[in-house]
Amino acid sequence: MIPIFNRLSLNEWMLIIFVYTERSLSFIISLIISIIPFIPYKKKKVDVNEEDKIKGLGYDIKGKEKLEHYISPENEIPLAQRLYESNSLKDMLYAIDPNILLETHIVKTQDDYLLQIHRIPFDSERQKDTDYKGIVYLQHGLMMCSNIWLCHSENPTKNNLPLYLNSLGYDVWMGNNRGNRYSNKNLNVERHSEKFWNFSLDEFAIYDIPDSLHYILNTTSLEKKNSIFA
1 MIPIFNRLSL NEWMLIIFVY TERSLSFIIS LIISIIPFIP YKKKKVDVNE EDKIKGLGYD
61 IKGKEKLEHY ISPENEIPLA QRLYESNSLK DMLYAIDPNI LLETHIVKTQ DDYLLQIHRI
121 PFDSERQKDT DYKGIVYLQH GLMMCSNIWL CHSENPTKNN LPLYLNSLGY DVWMGNNRGN
181 RYSNKNLNVE RHSEKFWNFS LDEFAIYDIP DSLHYILNTT SLEKKNSIFA
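Residue numbers (the UniProt record's numbering): 1 to 230.
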(Lines of atoms letter the chains of each structure in order from A and count residues from 1; the text may use other names and numbers.)
(Lines give C-alpha, C1' and ligand atoms only; values in the text may rest on other atoms or scores of the structure.)
Protein backbone atom coordinates (compact mmCIF):
# COMPACT_ATOMS: atom_id res chain seq x y z
CA MET A 1 0.00 0.00 0.00
CA ILE A 2 1.20 3.51 -0.82
CA PRO A 3 2.48 5.09 2.41
CA ILE A 4 0.54 8.38 1.96
CA PHE A 5 -2.81 6.57 2.24
CA ASN A 6 -1.89 5.28 5.68
CA ARG A 7 -1.02 8.76 6.97
CA LEU A 8 -4.48 10.29 6.36
CA SER A 9 -7.69 9.37 8.12
CA LEU A 10 -11.03 8.97 6.39
CA ASN A 11 -12.21 12.40 7.60
CA GLU A 12 -9.08 14.07 6.25
CA TRP A 13 -9.62 12.45 2.84
CA MET A 14 -13.24 13.64 2.80
CA LEU A 15 -12.09 17.18 3.60
CA ILE A 16 -9.55 17.10 0.75
CA ILE A 17 -12.18 15.87 -1.70
CA PHE A 18 -14.63 18.57 -0.59
CA VAL A 19 -12.06 21.36 -1.00
CA TYR A 20 -11.00 20.29 -4.49
CA THR A 21 -14.60 19.77 -5.56
CA GLU A 22 -15.49 23.30 -4.39
CA ARG A 23 -12.49 24.75 -6.23
CA SER A 24 -13.44 22.90 -9.42
CA LEU A 25 -17.06 24.10 -9.30
CA SER A 26 -15.92 27.70 -8.71
CA PHE A 27 -13.63 27.49 -11.74
CA ILE A 28 -16.40 26.09 -13.95
CA ILE A 29 -18.89 28.78 -12.85
CA SER A 30 -16.33 31.55 -13.46
CA LEU A 31 -15.62 30.13 -16.92
CA ILE A 32 -19.30 30.02 -17.82
CA ILE A 33 -19.81 33.61 -16.68
CA SER A 34 -16.80 34.81 -18.69
CA ILE A 35 -18.06 33.37 -21.97
CA ILE A 36 -21.62 34.74 -21.69
CA PRO A 37 -21.88 37.71 -24.10
CA PHE A 38 -22.13 41.08 -22.42
CA ILE A 39 -25.51 42.72 -22.97
CA PRO A 40 -25.32 46.47 -22.33
CA TYR A 41 -28.17 48.18 -20.50
CA LYS A 42 -30.14 50.42 -22.80
CA LYS A 43 -31.49 53.48 -21.05
CA LYS A 44 -34.98 54.43 -22.07
CA LYS A 45 -35.17 57.74 -23.84
CA VAL A 46 -37.34 60.37 -22.27
CA ASP A 47 -39.17 62.97 -24.23
CA VAL A 48 -38.19 66.27 -22.62
CA ASN A 49 -41.31 67.87 -23.98
CA GLU A 50 -43.62 65.68 -21.91
CA GLU A 51 -45.38 67.43 -19.06
CA ASP A 52 -45.94 64.33 -16.92
CA LYS A 53 -44.50 64.56 -13.44
CA ILE A 54 -42.10 62.02 -12.10
CA LYS A 55 -44.11 59.97 -9.64
CA GLY A 56 -43.63 60.90 -6.00
CA LEU A 57 -41.49 63.98 -6.66
CA GLY A 58 -42.32 67.60 -7.18
CA TYR A 59 -40.56 67.77 -10.55
CA ASP A 60 -41.69 67.50 -14.13
CA ILE A 61 -39.48 65.98 -16.81
CA LYS A 62 -38.29 69.41 -17.89
CA GLY A 63 -36.60 69.69 -14.51
CA LYS A 64 -38.79 72.46 -13.09
CA GLU A 65 -39.23 72.25 -9.33
CA LYS A 66 -42.76 72.15 -8.01
CA LEU A 67 -42.25 73.69 -4.59
CA GLU A 68 -45.91 73.31 -3.74
CA HIS A 69 -45.23 69.65 -3.05
CA TYR A 70 -42.88 70.56 -0.21
CA ILE A 71 -44.61 73.56 1.31
CA SER A 72 -48.18 72.33 1.20
CA PRO A 73 -49.69 71.63 4.64
CA GLU A 74 -50.36 67.96 3.89
CA ASN A 75 -46.61 67.34 3.33
CA GLU A 76 -45.40 69.24 6.42
CA ILE A 77 -43.57 67.19 9.06
CA PRO A 78 -45.88 66.71 12.07
CA LEU A 79 -44.95 68.69 15.17
CA ALA A 80 -44.86 65.51 17.26
CA GLN A 81 -42.13 64.11 15.01
CA ARG A 82 -40.14 67.36 15.10
CA LEU A 83 -40.31 67.44 18.90
CA TYR A 84 -39.19 63.79 19.07
CA GLU A 85 -36.23 64.45 16.78
CA SER A 86 -35.13 67.67 18.54
CA ASN A 87 -31.72 67.62 20.20
CA SER A 88 -32.38 70.27 22.84
CA LEU A 89 -35.04 72.36 24.54
CA LYS A 90 -34.10 75.21 22.22
CA ASP A 91 -34.88 73.07 19.17
CA MET A 92 -38.19 71.96 20.70
CA LEU A 93 -39.29 75.54 21.37
CA TYR A 94 -38.22 76.63 17.88
CA ALA A 95 -40.34 73.84 16.38
CA ILE A 96 -43.35 75.04 18.37
CA ASP A 97 -42.93 78.79 17.86
CA PRO A 98 -39.68 80.36 16.57
CA ASN A 99 -40.80 83.77 17.86
CA ILE A 100 -40.62 82.76 21.53
CA LEU A 101 -37.29 83.61 23.17
CA LEU A 102 -35.38 81.01 25.22
CA GLU A 103 -32.48 81.99 27.47
CA THR A 104 -29.85 79.65 28.90
CA HIS A 105 -28.21 80.45 32.25
CA ILE A 106 -25.44 78.67 34.17
CA VAL A 107 -25.75 78.24 37.93
CA LYS A 108 -22.71 77.31 40.06
CA THR A 109 -23.72 75.38 43.14
CA GLN A 110 -21.98 75.62 46.49
CA ASP A 111 -20.19 72.32 45.76
CA ASP A 112 -19.07 73.54 42.30
CA TYR A 113 -21.51 71.73 40.02
CA LEU A 114 -22.57 73.71 36.95
CA LEU A 115 -26.30 73.60 36.28
CA GLN A 116 -27.87 74.80 33.07
CA ILE A 117 -31.29 76.35 33.62
CA HIS A 118 -33.65 77.70 30.98
CA ARG A 119 -35.82 80.78 30.91
CA ILE A 120 -38.75 81.90 28.79
CA PRO A 121 -38.88 85.58 29.76
CA PHE A 122 -41.91 87.82 29.71
CA ASP A 123 -41.65 89.77 26.46
CA SER A 124 -43.35 93.15 26.78
CA GLU A 125 -43.10 93.78 23.02
CA ARG A 126 -44.53 90.42 21.98
CA GLN A 127 -47.07 90.33 24.81
CA LYS A 128 -48.36 93.89 24.61
CA ASP A 129 -51.88 92.93 25.69
CA THR A 130 -50.68 90.97 28.75
CA ASP A 131 -49.61 92.30 32.13
CA TYR A 132 -46.49 90.99 33.83
CA LYS A 133 -47.45 88.71 36.75
CA GLY A 134 -44.15 87.53 38.24
CA ILE A 135 -41.70 84.64 38.20
CA VAL A 136 -42.48 80.92 38.05
CA TYR A 137 -39.90 78.22 38.70
CA LEU A 138 -40.55 74.72 37.32
CA GLN A 139 -38.54 71.69 38.45
CA HIS A 140 -38.55 68.43 36.49
CA GLY A 141 -39.01 65.00 38.09
CA LEU A 142 -36.48 62.29 38.89
CA MET A 143 -34.34 61.05 35.95
CA MET A 144 -35.65 63.83 33.71
CA CYS A 145 -34.60 67.24 32.39
CA SER A 146 -36.28 70.48 31.34
CA ASN A 147 -37.26 68.93 27.97
CA ILE A 148 -40.18 67.28 29.74
CA TRP A 149 -42.02 70.60 29.85
CA LEU A 150 -42.40 70.89 26.04
CA CYS A 151 -43.58 67.42 24.99
CA HIS A 152 -47.18 68.13 23.99
CA SER A 153 -47.65 68.59 20.26
CA GLU A 154 -51.40 69.27 20.16
CA ASN A 155 -52.27 72.87 20.96
CA PRO A 156 -48.74 73.29 22.39
CA THR A 157 -49.21 76.84 23.71
CA LYS A 158 -52.04 75.69 25.97
CA ASN A 159 -50.92 72.15 26.83
CA ASN A 160 -47.24 72.86 27.64
CA LEU A 161 -47.17 74.48 31.08
CA PRO A 162 -44.22 76.88 30.50
CA LEU A 163 -45.80 78.29 27.35
CA TYR A 164 -49.23 78.59 28.92
CA LEU A 165 -47.84 80.39 31.98
CA ASN A 166 -45.75 82.65 29.78
CA SER A 167 -48.81 83.55 27.69
CA LEU A 168 -50.51 84.62 30.94
CA GLY A 169 -47.68 87.01 31.70
CA TYR A 170 -45.23 84.99 33.79
CA ASP A 171 -41.44 84.92 33.56
CA VAL A 172 -40.86 81.16 33.41
CA TRP A 173 -37.68 79.43 34.62
CA MET A 174 -36.96 75.70 34.27
CA GLY A 175 -34.36 74.06 36.46
CA ASN A 176 -32.07 71.08 35.81
CA ASN A 177 -30.60 68.86 38.51
CA ARG A 178 -26.98 67.71 38.47
CA GLY A 179 -26.25 64.67 36.36
CA ASN A 180 -28.77 65.19 33.58
CA ARG A 181 -27.92 66.18 29.99
CA TYR A 182 -27.83 69.90 30.77
CA SER A 183 -25.99 69.75 34.12
CA ASN A 184 -23.09 67.35 33.69
CA LYS A 185 -20.06 69.45 34.63
CA ASN A 186 -18.14 70.23 37.81
CA LEU A 187 -15.32 72.75 38.20
CA ASN A 188 -13.08 70.31 40.08
CA VAL A 189 -14.20 66.80 39.14
CA GLU A 190 -14.29 65.04 35.77
CA ARG A 191 -17.68 63.77 34.66
CA HIS A 192 -16.31 60.26 34.06
CA SER A 193 -14.97 59.92 37.60
CA GLU A 194 -16.81 58.09 40.36
CA LYS A 195 -16.63 61.15 42.59
CA PHE A 196 -18.72 63.20 40.15
CA TRP A 197 -21.65 60.79 40.54
CA ASN A 198 -21.37 60.49 44.30
CA PHE A 199 -24.60 62.36 45.05
CA SER A 200 -28.22 61.61 45.89
CA LEU A 201 -31.58 63.33 46.26
CA ASP A 202 -30.15 65.16 49.26
CA GLU A 203 -27.85 67.24 47.03
CA PHE A 204 -30.81 68.13 44.81
CA ALA A 205 -32.61 69.58 47.83
CA ILE A 206 -29.59 71.07 49.62
CA TYR A 207 -27.74 72.61 46.66
CA ASP A 208 -29.35 72.39 43.21
CA ILE A 209 -32.82 73.87 43.76
CA PRO A 210 -31.89 76.48 46.42
CA ASP A 211 -28.87 77.69 44.43
CA SER A 212 -31.01 77.91 41.29
CA LEU A 213 -33.62 79.98 43.12
CA HIS A 214 -30.96 82.29 44.54
CA TYR A 215 -29.52 82.78 41.05
CA ILE A 216 -32.97 83.64 39.68
CA LEU A 217 -33.63 86.12 42.46
CA ASN A 218 -30.27 87.81 41.96
CA THR A 219 -30.70 87.93 38.17
CA THR A 220 -34.20 89.39 38.24
CA SER A 221 -33.86 91.61 41.32
CA LEU A 222 -33.16 94.67 39.20
CA GLU A 223 -35.72 93.77 36.52
CA LYS A 224 -39.08 93.13 38.12
CA LYS A 225 -40.93 92.43 41.33
CA ASN A 226 -40.20 88.87 42.42
CA SER A 227 -42.74 86.17 43.12
CA ILE A 228 -41.73 82.54 42.79
CA PHE A 229 -43.92 79.46 42.57
CA ALA A 230 -41.93 76.20 42.77
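Using N, Cα and C, we set each Cβ at its ideal position, and we do this for glycine too.
Please read these numbers as outputs of a predicted model, since none were measured by experiment.
Check                                                                                                                                       : Outcome
Among Gly134, Asp202, Leu163, whose alpha-carbon lies nearest the alpha-carbon of Leu142?                                                   : Asp202
Candidates Pro98, Tyr137, Asn160: which alpha carbon is nearest Ile148's?                                                                   : Asn160
Out of Ser88, Pro98, Ile29, point me to the one whose CA is closest to Asn180's CA.                                                         : Ser88
Start and end of the beta strand (DSSP E) containing Asp112?                                                                                : Run containing Asp112: none; DSSP gives neither H nor E here.
Any contact between the stretch 105-113 and the stretch 180-190? By contact I mean 3 or more CB pairs, one from each, below 8 Å.            : yes
Per DSSP, what kind of secondary structure is Glu154 in: helix, strand or coil?                                                             : coil
Regarding Asn87 and the ligand FMN, is the C-beta to nearest heavy atom distance less than 7 Å?                                             : This structure simply doesn't include the ligand FMN, nor any ligand for that matter.
Quick check: Tyr182 and Ser146, are their CB atoms within less than 8 Å of each other?                                                      : yes
Within 10 Å of its beta-carbon, does Ala205 have 16 or more other beta-carbons around it, so buried, or fewer, so exposed?                  : exposed
At 3 residues or longer, and completely inside the stretch 142-209: list those beta strand (DSSP E) runs for me, N to C.                    : 170-175
Apart from the five residues just before and just after Asp211, which ones in its own chain have a Cβ nearer than 7 Å to its Cβ?            : Val107, Thr109, Gln110
Which residue or residues does DSSP assign as beta-bridge partners of Thr130?                                                               : Answer by DSSP bridge pairing: none, since Thr130 is not bridged.
For Tyr84, which residues in the same chain have their Cβ closer than 7 Å to its Cβ, ignoring the five residues on either side in sequence? : none
With H, G and I counted as helix, E and B as strand and the rest as coil, what does DSSP make of Glu125?                                    : coil
Would you mind sorting Ile81 into buried or exposed? The rule is 16 or more other CB atoms within 10 Å of its CB.                           : Reading off the sequence, residue 81 comes out as Gln, not Ile. By the neighbour-count rule (16 or more Cβ atoms within 10 Å), Gln81 is not buried but exposed.
Tyr215: which of Leu93, Leu15, Ile135 sits nearest, CA to CA?                                                                               : Ile135
Could you tell me the alpha carbon to alpha carbon distance between Arg191 and Tyr137, rounded to whole angstroms?                          : 27 Å
I need the DSSP call for Leu101, collapsed to helix, strand or coil.                                                                        : coil
Hey, Trp197 and Arg119: beta-carbon distance below 8 Å or not?                                                                              : no
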